[in-house]
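One gets the numbering used here by counting positions in the sequence shown from 1 and adding 2 to each. Ideal placement from N, C-alpha and C gives every residue a C-beta, glycine not left out. Since we're looking at a predicted model, the values are computed, not measured. Heads up, the thing below is written out as structure tokens.
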Amino acid sequence: MRGRRQWIIVASVAAAAAVLFHFFPLFHVVPLDQAGQRAAGKPLDPVALVDRFWAERLSPGGTRAVDAVELVAAMQQDRNSARRTHGRSVGVGGAYYYFVAGTGRVTSVEKDSVRLSLRDDPPQVEVALETGKIFGNAVRDGTGLWNVNDFPNSQDFNALSSEINHRIEQQVLPALRKKATVGATVRFVGCAEIMDEDTDLHPLRIVPFIVEAP
Numbered sequence: 003m004r005g006r007r008q009w010i011i012v013a014s015v016a017a018a019a020a021v022l023f024h025f026f027p028l029f030h031v032v033p034l035d036q037a038g039q040r041a042a043g044k045p046l047d048p049v050a051l052v053d054r055f056w057a058e059r060l061s062p063g064g065t066r067a068v069d070a071v072e073l074v075a076a077m078q079q080d081r082n083s084a085r086r087t088h089g090r091s092v093g094v095g096g097a098y099y100y101f102v103a104g105t106g107r108v109t110s111v112e113k114d115s116v117r118l119s120l121r122d123d124p125p126q127v128e129v130a131l132e133t134g135k136i137f138g139n140a141v142r143d144g145t146g147l148w149n150v151n152d153f154p155n156s157q158d159f160n161a162l163s164s165e166i167n168h169r170i171e172q173q174v175l176p177a178l179r180k181k182a183t184v185g186a187t188v189r190f191v192g193c194a195e196i197m198d199e200d201t202d203l204h205p206l207r208i209v210p211f212i213v214e215a216p
């Protein structure tokens, strides 16, 4: 009798707990993007963020870039040493980045790039400034000015990269294509994303975010 009474009490408590947890669960499952917005307090506005980034961090940050002549010379001497000294890696992937600035003379204008020689004696193509559609995370990750841990989720971090690339396509590349004629001198600041050293280093392919030409 006592055992039956205890069983009834246990069953009643379990049933009451089930009803309680149904209406007042210990946790809620929410989408990752919604969770990120809650953590940040409000949705990310990539346009406004890039506006501030461009004016306050990106343009002034160009002074931290390695000189292109120094970098090319280091790569020609020892790729691995150049990567250790001047490169930047993000995450565990195979890609790495260079943040680079320099001045070169236009040797040719291709469909999706402007080729530059950094030295006149002897002239040789050492840098290619990208002028086509921009993909990847070269500027976002190459500058080292942003940390993925500053963002509540990867979707927001990727939205930042997309807006940076869009800004370059709309505001930087048209002026470069217009001014880059063979023989012209071009000053640039930008980033290179190295995924395949055989193709991305010969010449060094750079996504420019600052371009100046007389």
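One thing to note: P216 has its Cβ no nearer than 9 Å to the Cβ of V191. Across the structure, L46 and D158 are spaced so that their CA atoms are roughly 7 Å apart. Looking at the DSSP output, F101 bridges to C193.
Considering only G185, A84, N149, the residue with the shortest C-alpha distance to V116 is G185. Following the DSSP letters along the chain, one finds P205 in no beta strand (DSSP E), marked with neither H nor E. Three or more beta-carbon pairs drawn from the region 122-134 and the region 170-183 are found closer than 8 Å, and the two stretches are therefore classed as touching.
R169: member of the alpha helix (DSSP H) spanning 156-173, first to last residue.
By the neighbour-count definition (other C-beta atoms within 10 Å, threshold 16), M77 is a buried residue.
Note on geometry: alpha-carbon atoms of V141 and K113 lie some 21 Å from one another. Counting of Cβ neighbours within 10 angstroms places A70 among the buried residues, the total reaching 16 or more.
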